[in-house]
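A.B. asks: The sequence shown begins at 67 in the numbering used here and counts up by one. All C-beta atoms, glycine included, are put in the ideal place defined by N, C-alpha and C.
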Amino acid sequence: MKRGQTGDTGKGIRVREVRLENDTPDSAEGGTRNTELGIVTYTFFFLFLLMIGYLVYLNVWRADDLNSNAYNTKQDINEDRYIRGSIVSADGQVLAETQVGEDGTETRVYPYANVFSHVVGYSSNGKSGLEALCNNDLLSSNASILTQIRDENEEQKSQGDSVVVTLNASLQVAAYQALGNYNGAVVAIEPDTGKILAMVSKPDFDPNNIEELWDSLISDSSSSVLLNRATQGLYPPGSTFKILTTLSYIRQEPLGYRNFSFDCTSEITVDDVTIHCYNNAVHGQEDLKSAFAHSCNTAFAQIGLDLDAGDFADLCEEFLFNDSLPTELQHSTSQFSLNDESSYGEQMTTAIGQGDTLVTPLHMALLTSTVANGGIMMRPYLVDHVEAYDGNLVSENSPSRYQRLMTTEEAQILTEYMQETVNSGTATALGGYGYSVAGKTGSAEYVSDGYEGTHSWFVGFSNVEDPDLVVAVIAEDGGTGSETAVPIAAQVFQAYYNS
């Protein structure tokens, strides 16, 4: 009986063992399937979130760029629906408009021809300048619904929105005329807002004839006529760079800079590299302010040797060398290459704005604006607002602060040095007007294909107590800053206050 019971029990045990053996793999396999399903689900969910995030990025952060992209086919559709809107200056002058003939032919017209050629740009054979930057606005219409319905019923195009820019037409004309026959650029900015009031580049072209001129313009590699020198031209800054050299010295010698003393004998030689003062001038005993005002190359060459090259490089990169400027405008990147491994010769030449340092006129205008604005750099901009054909406001830009790049005290010291340049230094031609000016001249030497020349620079601002206007001038092969760039800047300042 016990044996039978044992047998029955054994059979029951065997049955349960079989069931356990059969259940365990199924359970493990099901768990594996669940894990794999969870991984797939989470992966697809993560990819879905990435896709949503990318769509939000495209439609919110990159919308303007995509809409204005020349390869966006939406533009072709809009060109069939809208008459390209006008570009209007801050003082109400039409800079670009589309005229429609009786046969419906559209012609883009630029009333000021060459004067705004680079900054306004062109809209055929590709697009450039404001025509490219504002393409989406110009090919959109925010006219009333009734107007759009009427246009659609009459099978005619709606008028595109107008872009009102910060440029002042009368100041632009004055800057254009002041630059005369020199190749180069003039940039005028409000330092406390970042509004660009004038932007001239030469050589220039007539955008009204861009199609006829196109082949000759793109084949002329020597003059680079289509290049906007104000934003894309790279030049050695010459002595205008001493603004940053001085700031670096003040920071590295916060107590000693006031006691700086140097006896200028017109040249200094270190490691077979000789730096001369311009025209072999002998300035004698100088402190830092007088060395700045007289643009003494030998004094600043010595300062270049005294500076820690790495710290100097860090300061220049804070001021956006080797980096993009805070603007939507197409521009070149200014270059600064000094480092701790640089030779004594490189340290000296860099300190006086020569060597491998290159800068755009717009960048120099921004640096000067930072001094004028108490150490704060504002974001430069050209578009003030967009309005519909009926005058209703569509969108508006406001002044925007980029960053504080120097203290108020540092800006005040540099302002005093720049005032001394006008009062007793290399820019005395700017004195005696009904407004005060602070500035810095520059004579930037260069060598190109065996040819040696000197570009003429000036950067400065007016009404020093409460700065109104910053002007940056570069005149290619203009010689010293005093003889060419300063008189050009004087005409721009005069036009500003006479208007």
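1. Let's see if you can read the secondary structure: which residues bound the beta strand (DSSP E) around M265?
2. Given A241, which residues of its chain have a CB within under 7 Å of its CB, disregarding the five upstream and five downstream residues?
3. R80 by DSSP, collapsed to three states: which one?
4. For V539, which residues from the same chain have a beta carbon less than 6 Å from its beta carbon, with the 5 sequence-adjacent residues on both sides left out?
5. Going by C-alpha to C-alpha distance, which of P533, T520, N564, E531 sits closest to G250?
6. Taking the alpha-carbon of A495 as reference, which of F366, G547, I105 has the nearest alpha-carbon?
7. Compute the distance between the beta-carbons of S398 and L300, then report whether it is under 9 Å.
8. Whose CA, out of I369, N274, S152, P446, lies closest to the CA of E394?
9. Alpha carbon to alpha carbon, what distance is there between T474 and R147?
10. Tell me where the beta strand (DSSP E) around L459 begins and ends.
11. Which runs of the beta strand (DSSP E), 3 residues or longer, sit entirely within the stretch 225 to 295?
12. How many whole angstroms separate the CB atoms of T481 and V437, which I take to be in contact at a CB cut-off of 8 Å?
13. R150 to N180, Cα distance in whole Å?
14. So if DSSP puts T173 in a beta bridge, which residue, or which two residues, is it bridged to?
15. Which residue marks the beginning of the alpha helix (DSSP H) containing Q560, and which one marks its end?
16. Can you tell me which of S522, S502, G505 puts its alpha carbon nearest to the alpha carbon of E511?
17. Using a Cβ-Cβ cut-off of 8 Å (strictly less than) and excluding sequence neighbours within five positions of E197, which residues of its own chain qualify?
18. Under a Cβ-count criterion, where at least 16 other Cβ atoms within 10 Å of its own Cβ denotes burial, should N100 be classed as buried or exposed?
19. With respect to the beta strand (DSSP E) encompassing H451, which residues constitute its N-terminal and C-terminal limits?
20. Could you check if D227 is buried or exposed, using at least 16 other CB atoms within 10 Å of its CB as the buried criterion?
21. By alpha-carbon positions, which one of G350, S314, G497, G411 ends up nearest to V339?
22. Check each candidate in G544, I479, Y501 and name the one with the smallest Cα separation from S509.
23. Does the stretch 329 to 337 come close enough to the stretch 374 to 392 that 3 or more CB-CB pairs lie under 8 Å?
24. Helix, strand or coil for G350 per DSSP?
25. Shorter than 9 Å from the beta carbon of N180 to some beta carbon of chain B?
26. With DSSP run on the structure shown, which of helix, strand or coil describes F524?
27. Do you know how far the Cα of V513 is from the Cα of G421?
28. Counting C-beta neighbours from all protein chains within 10 Å, is the total for Y248 16 or more, i.e. buried, or is it exposed?
29. Determine the burial state of P106: buried for a count of at least 16 other Cβ atoms within 10 Å of its Cβ, exposed for fewer.
30. From G350 to A357, what distance separates their C-alpha atoms?
31. Write down the C-beta distance between G419 and T306 rounded to the nearest angstrom, noting that I regard them as a contact closer than 8 Å.
32. What are the uninterrupted segments assigned as beta strand (DSSP E) that are 3 or more residues long and contained completely in the stretch 419 to 446, given in chain order?
33. Return yes when the Cβ of S461 is within less than 9 Å of the Cβ of L237, no when it is not.
C.D. replies: Well, looking at it:
1. As a position in the sequence shown, residue 265 is number 199, starting the count at 1. It spans 262 to 268 - the beta strand (DSSP E) in which M265 sits, taken as one unbroken run.
2. Working through the sequence shown from its first residue, we reach residue 241 at position 175. Here the set comprises V252, A254, A264, V266, V558.
3. As a working note, residue 80 is residue 14 in the sequence shown. In this prediction, R80 scores a pLDDT of 48, lower than 50, which makes its location untrustworthy; the coordinate-derived value is nonetheless stated afterwards. If DSSP states are grouped into helix, strand and coil, R80 belongs with the helices.
4. The residue labelled residue 539 in the question sits at position 473 within the sequence shown. The residues are V252, F524, A551, I554, A555.
5. Position 184 of the sequence shown holds residue 250. Of the candidates P533, T520, N564, E531, the one whose C-alpha sits nearest the C-alpha of G250 is T520.
6. Counted from its first residue, the sequence shown places residue 495 at position 429. The shortest Cα separation from A495 among F366, G547, I105 belongs to G547.
7. Indexing the sequence shown from 1 puts residue 398 at position 332. Indexing the sequence shown from 1 puts residue 300 at position 234. For S398 and L300, yes; Cβs fall inside 9 Å.
8. Residue mapping note: residue 394 aligns to position 328 of the sequence shown, counting from 1. Comparing Cα positions, the closest option is P446.
9. The residue given as residue 147 occupies position 81 in the sequence shown. The residue given as residue 474 occupies position 408 in the sequence shown. Roughly 52 Å separates the two Cα atoms.
10. Along the sequence shown, read from residue 1 onward, the residue named residue 459 stands at position 393. That run of the beta strand (DSSP E) goes 459 to 462.
11. 228 to 231, 250 to 255, 262 to 268
12. Taking the sequence shown and counting its residues from 1, one reaches residue 481 at position 415. Taking the sequence shown and counting its residues from 1, one reaches residue 437 at position 371. Indeed, because the Cβ distance is near 6 Å, the residues count as touching under 8 Å.
13. In the sequence shown, residue 150 corresponds to position 84, counting from 1. In the sequence shown, residue 180 corresponds to position 114, counting from 1. Cα to Cα, the separation comes out at about 20 Å.
14. Within the sequence shown, numbered from 1, the residue matching residue 173 stands at position 107. Q165, per the DSSP bridge assignment.
15. Here residue 560 corresponds to residue number 494 of the sequence shown, with the count starting at 1. From DSSP, the alpha helix (DSSP H) with Q560 extends over 552 to 564.
16. Sequence index remark: in the sequence shown, residue 511 carries index 445 (1-based). If we check each option's Cα against that of E511, S522 comes out closest.
17. Mapped onto the sequence shown, residue 197 falls at position 131. Cβ neighbours of E197 beyond the five flanking positions: I153, A162, V186, G187, Y188, S189, L204.
18. Translated into positions along the sequence shown, residue 100 becomes position 34. Exposed.
19. Start at 1 with the first residue of the sequence shown, and residue 451 comes out as number 385. Segment 449 to 453, the beta strand (DSSP E) holding H451.
20. Reading the sequence shown from its first residue, position 161 is the one you call residue 227. D227 is buried by the Cβ-count criterion.
21. The residue given as residue 339 occupies position 273 in the sequence shown. Comparing Cα-Cα distances from V339 to each of G350, S314, G497, G411, the minimum goes to G411.
22. For the purposes of this step, residue 509 is taken as the residue at position 443 of the sequence shown. Closest option to S509, Cα to Cα, is G544.
23. no
24. As a working mapping, residue 350 is identified with position 284 in the sequence shown. In this structure, G350 counts as strand in the three-state DSSP scheme.
25. In summary, chain B is missing from the structure at hand, where a single protein chain is found.
26. On the sequence shown, residue 524 is found 458 positions in, with the first residue counted as 1. In this structure, F524 counts as strand in the three-state DSSP scheme.
27. Taking the sequence shown and counting its residues from 1, the one referred to as residue 421 is at position 355. Taking the sequence shown and counting its residues from 1, the one referred to as residue 513 is at position 447. Straight-line Cα distance between these residues: approximately 11 Å.
28. Counting from one through the sequence shown, the residue named residue 248 turns up at place 182. Classification of Y248: buried, given that the 10 Å Cβ count is 16 or more.
29. Here the question's residue 106 lines up with position 40 in the sequence shown. For the sequence presented, residue 106 should be read as Val rather than Pro. So V106 counts as exposed.
30. Stepping through the sequence shown from its first residue, residue 350 is reached at position 284. Stepping through the sequence shown from its first residue, residue 357 is reached at position 291. Distance between the alpha carbons of G350 and A357: 10 Å.
31. Stepping through the sequence shown from its first residue, residue 419 is reached at position 353. Stepping through the sequence shown from its first residue, residue 306 is reached at position 240. Rounded, the Cβ-Cβ distance is 6 Å, consistent with contact.
32. 442 to 444
33. For this step, residue 237 is matched to residue 171 along the sequence shown. For this step, residue 461 is matched to residue 395 along the sequence shown. Contact: no.
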